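Asks:
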Amino acid sequence: MTLPMQDIKILDTGTLTPGKYCTFILGDLGAEVTRVERPISRNTPEDSRFPNEDLVLNRNKKSITLNLRTEEARQVFYELSEKADIVLESYRPGVAKRIGIDYETIKKTNPRIIYCSLSGYGQDGPYNQLPGFDIIFMAISGLLALISGPNEPPIVPGLYLSDTAAGLLATIGILTALLVRERTGKGQYLDISMLDGAFSWLALAYGSQYPGQKPPVLMGPSPGYNVYQTKDGNYIALGIGRPQSWENLCKAMDREDFVDYQWVMGEKREETLSFLKRIFKSKSRDEWLSQLQALDIEIGPVNTPLEAFFDPQILHRQMALEVNHPIKGRVRQVGIPIKFSETPGEMRGVAPLIGQDTQEVLEGLGYTQERIEQLRKAQAI
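According to our numbering, the sequence shown holds residues 21 to 401 in order.
(1) Would K81 and V53 be called neighbours here (beta carbons separated by less than 9 Å)?
(2) If I follow the unbroken alpha helix (DSSP H) through P325, where does it start and stop?
(3) Leaving out five residues on either side along the sequence, give the residues of the same chain with a beta carbon under 8 Å from the beta carbon of E327.
(4) Between R94 and K127, what straight-line distance do the alpha-carbon atoms span, to the nearest angstrom?
(5) Round the Cβ separation of R7 and S83 to the nearest angstrom and send it over; I've been treating them as touching at under 8 Å.
(6) Would you identify the three-state DSSP class for V370, choosing helix, strand or coil?
(7) My understanding is that H336 touches A371, with C-beta atoms under 8 Å, so please give their C-beta distance in whole angstroms.
(8) Give me, in chain order, the residues of the same chain whose beta-carbon lies closer than 6 Å to that of L312; leave out the 5 immediate sequence neighbours on both sides.
(9) Helix, strand or coil for S68, going by three-state DSSP, please let me know.
(10) Would you tell me roughly how many angstroms separate the C-alpha atoms of W221 and S242, rounded to the nearest one?
(11) Within 9 Å (strictly less), CB to CB, does S304 reach chain D?
(12) Would the region 116-124 count as touching the region 142-161 if we require 3 or more Cβ pairs under 8 Å?
(13) In this structure, what does DSSP give as the bridge partners for S139?
(14) How far does the beta strand (DSSP E) with P321 in it extend, from its first residue to its last?
(15) Counting pairs of beta carbons, one from the region 196-213 and one from the region 256-267, are three or more of them closer than 8 Å?
(16) Is the Cβ-Cβ distance between I167 and I175 less than 9 Å?
(17) According to the Cβ coordinates, are Y41 and L86 closer than 9 Å?
(18) Run through the DSSP bridge pairs and tell me what A257 is partnered with.
(19) Which residues mark the beginning and the end of the beta strand (DSSP E) in which D32 is found?
(20) Would you mind reading off the limits of the beta strand (DSSP E) that contains S302?
(21) Does the Cβ-Cβ distance between L88 and T129 come in under 9 Å?
(22) Answer with buried or exposed for A218, where buried requires no fewer than 16 other C-beta atoms within 10 angstroms of its C-beta.
(23) So the candidates are M285, I30, Y111; which of them puts its Cα closest to the Cα of G47?
(24) Expressed to the nearest angstrom, what Euclidean distance is found between the alpha-carbon atoms of D280 and L373?
(25) Enumerate in chain order the residues of its own chain whose CB-to-CB distance from L179 is below 8 Å, with the five nearest sequence positions on each side excluded.
(26) S182 and L150: beta carbons closer than 9 Å?
(27) I'd like the span of the alpha helix (DSSP H) that includes Q338, first residue to last.
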């Protein structure tokens with residue numbers, strides 16, 4: 021069956037999570053992704069340089085090694101880029117130009133190339149040379165301050181929100197650029213920033229801000245939009261937004277006097293929160309789920325990541341998979357979230373070992389075994 025992005029070729033030099041996440045999505049949709057990596061080895065079970073995220077994010081990809089600081093390796097890269105549709109890099113701004121694989125260089129021989137640079141702060145601006153990781157971009161963007169309650173310090177989340185946002189923006193940008201190229205025949209340059217990605221999420225919270233307006237006060241959790249511990253030590257999440265759901269909850273708790281206090285502040289809010297904290301500890305998580313879901317109340321279990329892999333809805337949607345990896349053994353994988361009716365994505369291969377496809381890729385360019393050995397001796401691969 022034809023895959024959505026079949027015949028689209030991507031050269032991926034992105035060593036950071038956003039770039040790997042972007043090409044993870046595109047690879048699942050059928051793109052031929054070739055990872056260009058430094059000539060190092062992480063091909064033993066004991067080698068900690070094979071991070072767990074790579075087991076998922078690098079599936080459906082090939083891996084070649086190129087020491088791009090050598091002229092011989094750059095010539096290989098140029099030949100690959102002439103046949104590619106997309107180049108993705110995540111160096112600090114200016115590095116790609118210094119080593120000679122920047123957009124201006126690549127487009128001379130391939131004007132149809134879509135070249136995506138993914139960096140922390142973007143290619144320009146006063147911060148563009150500063151180092152940073154996910155929590156820094158969340159902090160500067162204002163996103164981190166939202167993950168807290170009133171008069172409470174921000175909470176460090178358990179996943180990389182800025183990285184995910186930037187990876188998704190890069191994916192959207194690349195797909196859009198492919199559509200434009202269909203009309204114009206020309207490629208273009210994409211500048212994606214992790215800080216921009218994090219800040220763009222504020223549209224959901226502060227999209228209506230205007231000059232002179234006082235910033236909104238952090239309200240903290242409401243009684244109907246909160247997390248509660250249950251009798252068995254687990255947690256449930258309430259996500260009640262509808263008045264009828266709140267009324268159903270109050271009736272189920274024999275506290276119809278709380279019906280008018282869904283969004284109340286002050287002492288009544290504290291009284292309502294305190295009551296719900298006490299009563300939810302009177303039954304197990306599963307008992308509450310069974311009782312309140314039957315009343316059409318927005319409630320869900322706070323699953324651990326392991327529990328989520330066995331959640332019946334996630335299993336039904338084929339979002340939890342298990343595969344055999346030659347180094348890590350049996351590993352769990354996240355499924356493909358975009359469901360196509362005619363051209364579904366596919367998991368075609370596990371994450372490669374670094375450089376495992378170097379020979380195959382070079383032979384595909386017409387290199388002889390003698391020439392490949394010369395590249396090895398020159399430490400270009």
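Here a beta-carbon is modelled for each residue, glycine too, at the ideal position from N, C-alpha and C.
None of these values were measured; they are calculated from a predicted model.
Replies: Straight from the coordinates:
(1) For the purposes of this step, residue 81 is identified with residue 61 of the sequence shown, where counting begins at 1. For the purposes of this step, residue 53 is identified with residue 33 of the sequence shown, where counting begins at 1. Yes, these two residues count as a Cβ contact at 9 Å.
(2) Looking up residue 325 in the sequence shown gives position 305. Unbroken alpha helix (DSSP H) run through P325: 325-328.
(3) Position 307 of the sequence shown holds residue 327. Excluding residues within five positions, the ones whose Cβ falls inside 8 Å are P321.
(4) Taking the sequence shown and counting its residues from 1, the one referred to as residue 94 is at position 74. Taking the sequence shown and counting its residues from 1, the one referred to as residue 127 is at position 107. Cα-Cα distance, rounded: 15 Å.
(5) Missing from the structure shown is residue 7; the chain here goes from 21 to 401 and no further.
(6) Numbered from its first residue, the sequence shown carries residue 370 at position 350. Correct three-state label for V370: coil.
(7) As a working note, residue 336 is residue 316 in the sequence shown. As a working note, residue 371 is residue 351 in the sequence shown. Not confirmed; about 26 Å, so no contact.
(8) The residue given as residue 312 occupies position 292 in the sequence shown. The residues are I319.
(9) Residue 68 sits at position 48 when you count from the first residue of the sequence shown. The predicted model places S68 with a pLDDT of 45, which falls under 50 and marks its position as unreliable, so this point remains unresolved.
(10) In the sequence shown, counting from the first residue as 1, residue 221 sits at position 201. In the sequence shown, counting from the first residue as 1, residue 242 sits at position 222. One C-alpha to the other measures close to 22 Å.
(11) Within the model displayed, chain D is absent; a lone protein chain is all it includes.
(12) no
(13) Locating residue 139 in the sequence shown gives position 119, where the first residue counts as 1. Looking at the DSSP assignment, S139 forms a beta bridge with S213.
(14) Position 301 of the sequence shown, counted from the first residue, corresponds to residue 321. Note, P321: beta strand (DSSP E), 319-321.
(15) no
(16) As a first step, residue 167 must be located in the sequence shown, where it is residue number 147. As a first step, residue 175 must be located in the sequence shown, where it is residue number 155. The answer is yes: Cβ separation under 9 Å.
(17) Here the question's residue 41 lines up with position 21 in the sequence shown. Here the question's residue 86 lines up with position 66 in the sequence shown. Not closer than 9 Å, so no.
(18) Working through the sequence shown from its first residue, we reach residue 257 at position 237. According to DSSP, A257 bridges with V247, G320.
(19) Translated into positions along the sequence shown, residue 32 becomes position 12. First-last of the beta strand (DSSP E) with D32: 29-32.
(20) For the purposes of this step, residue 302 is taken as the residue at position 282 of the sequence shown. Note, S302: premise wrong, no beta strand (DSSP E); not H, not E.
(21) Taking the first residue of the sequence shown as 1, we reach residue 88 at position 68. Taking the first residue of the sequence shown as 1, we reach residue 129 at position 109. Judged by their CB atoms, L88 and T129 are not nearer to each other than the 9 Å cut-off.
(22) On the sequence shown, position 198 is the one that residue 218 refers to. Buried: at least 16 other Cβ atoms inside 10 Å.
(23) Taking the sequence shown and counting its residues from 1, the one referred to as residue 47 is at position 27. Checking every option, the nearest Cα to that of G47 belongs to I30.
(24) In the sequence shown, the residue the question calls residue 280 occupies position 260. In the sequence shown, the residue the question calls residue 373 occupies position 353. Answer to the nearest angstrom: the Cα atoms are 60 Å apart.
(25) Numbered from its first residue, the sequence shown carries residue 179 at position 159. Closer than 8 Å at the Cβ level, and outside the excluded window around L179, lies no residue.
(26) Locating residue 182 in the sequence shown gives position 162, where the first residue counts as 1. Locating residue 150 in the sequence shown gives position 130, where the first residue counts as 1. The answer is no: Cβ separation not under 9 Å.
(27) Within the sequence shown, numbered from 1, the residue matching residue 338 stands at position 318. Where Q338 is concerned, there is no enclosing alpha helix (DSSP H), given that its DSSP letter is neither H nor E.
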